[in-house]
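Numbering (my numbering), first residue to last: 679 to 746.
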């Protein structure tokens, strides 16, 4: 069961692989996120895909995880 929460101003849902372009853009264009994740590296689209798949697998296995 996919948990989704929706209000007039907010829509929360689990991540999917279709979120990859936005996920990659978010983590590479925000200096604060880059400092927390990998301060010495640029995150390639392949690295972002690996991380996103890991987060998706955490949701599928444990029904919780990070929702970057």
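Backbone N, C-alpha and C define an ideal beta-carbon position, used for all residues, glycine too.
Being a predicted model, the structure only gives us computed values, none of them experimental.
1) Is the distance from the Cβ of residue 690 to the Cβ of residue 683 below 7 Å?
2) Which same chain residues, not among the five before or five after residue 730, have their C-beta less than 6 Å away from its C-beta?
3) Please state whether DSSP places residue 698 in a helix, a strand or coil.
4) Kindly indicate which residue of 681, 726, 687, 688 has the alpha-carbon position closest to the one of residue 695.
5) Please work out which residues of its chain come closer than 6 Å, Cβ to Cβ, to residue 756, disregarding the five sequence neighbours upstream and downstream, and give them in chain order.
In brief:
1) yes
2) 698, 701
3) helix
4) 726
5) Any property of residue 756 remains undetermined from this structure, which presents the chain solely from 679 to 746.
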